[in-house]
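Here the sequence shown is numbered in the numbering used here, starting from -14 and rising by one per residue.
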Amino acid sequence: MVVTALVAVVWVAVVVRRGEQRPVLTLTIVGTLYGVLTIALNWIVRTVRYGDPTPLPGPAIASVVLANLLGGALLGLLALLILRVMSRQGR
């Protein structure tokens, strides 16, 4: 859980620091890619460690990708809020 929180903080900090024009889109894409990479890493570890190359079932893949997509979108909204507050304060 701590690692997930740290990843979220880094994503938002990078987007805010760079002053991204579309933070919601950016972090939605990042979250989706993170979900896809999570599935790929799961498959690699299962294959190497356990000798089981069976992929995850379709619903599991969809739920991981969707959860990370939504998480990225929510973090994008948070980054957008931070950017708007900062712009009103003249930063």
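The C-beta atom is built at its ideal place from N, Cα and C for all residues, glycine as well. All figures in this text were calculated on a predicted structure; none of them were measured in a lab.
Residue interval of the alpha helix (DSSP H) (run including THR23)
8 to 35
Residues near GLU5 by beta carbon distance below 6 Å, same chain, minus five either side
THR11
Can you give me the start and stop residues for the alpha helix (DSSP H) that GLY56 sits inside?
43 to 73
Between GLY75, ASN53, LEU62, which has its C-alpha nearest VAL15's C-alpha?
ASN53
Do the segment 59 to 66 and the segment -12 to 3 touch if we need at least three Cβ pairs shorter than 8 Å?
yes
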